[in-house]
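Numbering (the working numbering), first residue to last: 218 to 484.
Here is the structure:
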């Protein structure tokens, strides 16, 4: 069953704002993350996103102000980088090491100096959600409302890039500049570790013979994180990996668990 395309409605927008104000007035929230406990399952995902955004801004700023701005229909942006090093293609790579830039698009959005959308004060709200989620323990991040907050943070990029007037949420930034920065980060590591990089995809890059580049790589990662101060990198050592093509690989962890992408494993 296919989902019908969501249709914009100025009348519905007013109804959503009214409901957001009611929620903000009727509930007491101890933190922004508590707002993600609200049950909005009766709404379309776009409406749920919009109401949540309104409640977040009302709770933090005490008001809701939405600027009416023009937005080009059908705008697009550059996708993420996906590259496979032919030197390592179809080869078993032991002690494979990955670097993942956590929440790369939300992090780069927050590095944008100006307001990011047509809802006044939203960038400050987004920053608070981002920091609050990051400060949670591993166990707390597994809670339903924390998972909802994570989905919301990642959804912001897609909503900023959605075609207008289908979206109530209109971008003030060039999203291609965000994806381009993410690509430049990975390309810089590819160029500096030519004989060691194996595979790169959007927010992650894999390396062979990590022990030979460990200290140089750490220096480069620190430089990147100094430049983009919201960005964090997670380094993980895997058992081994095999990369067949872009988006097609097998990772085997040291505990023998497997991650498979784009491949079918036949026992």
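Using N, Cα and C, we set each Cβ at its ideal position, and we do this for glycine too.
Between which two residues does the alpha helix (DSSP H) holding residue 375 run? 361–377
message = For residue 417 and residue 423, I'd like the C-alpha separation in whole angstroms.
response = 6 Å
Taking the Cβ atom as the reference point for each residue, do residue 465 and residue 448 lie within a distance shorter than 9 Å? no
Q: Take the Cβ of residue 333 as the centre, count every other Cβ of all protein chains shown within 10 Å, and call the residue buried at 16 or more, exposed below.
A: buried
Check: Near residue 385, what residues of its chain come up, given a Cβ to Cβ distance below 7 Å and the 5 sequence neighbours on each side ignored?
Finding: 230, 267
Is residue 301 helix, strand or coil by DSSP? strand
Quiz item: What does DSSP give as the partner residues of residue 318 in its beta bridges?
Solution: 450
Practice task
Evaluate residue 370 with the Cβ neighbour count: other Cβ atoms within 10 Å of its Cβ, from every protein chain shown; 16 or more gives buried, anything less gives exposed.
Solution key: buried
Proximity winner among 317, 413, 454, 408, relative to residue 185 (alpha-carbon distances): Given that the chain is displayed from residue 218 to residue 484, the structure contains no residue 185 and the question cannot be resolved.
Secondary structure at residue 336, three-state DSSP: helix, strand or coil?
strand
Open item on the list: Quick check: what's the CA-CA separation for residue 339 versus residue 426?
Closed with: 43 Å
Since I believe residue 318 is in contact with residue 402 (beta carbons under 8 Å), could you give me their beta-carbon distance rounded to a whole number of angstroms? 7 Å
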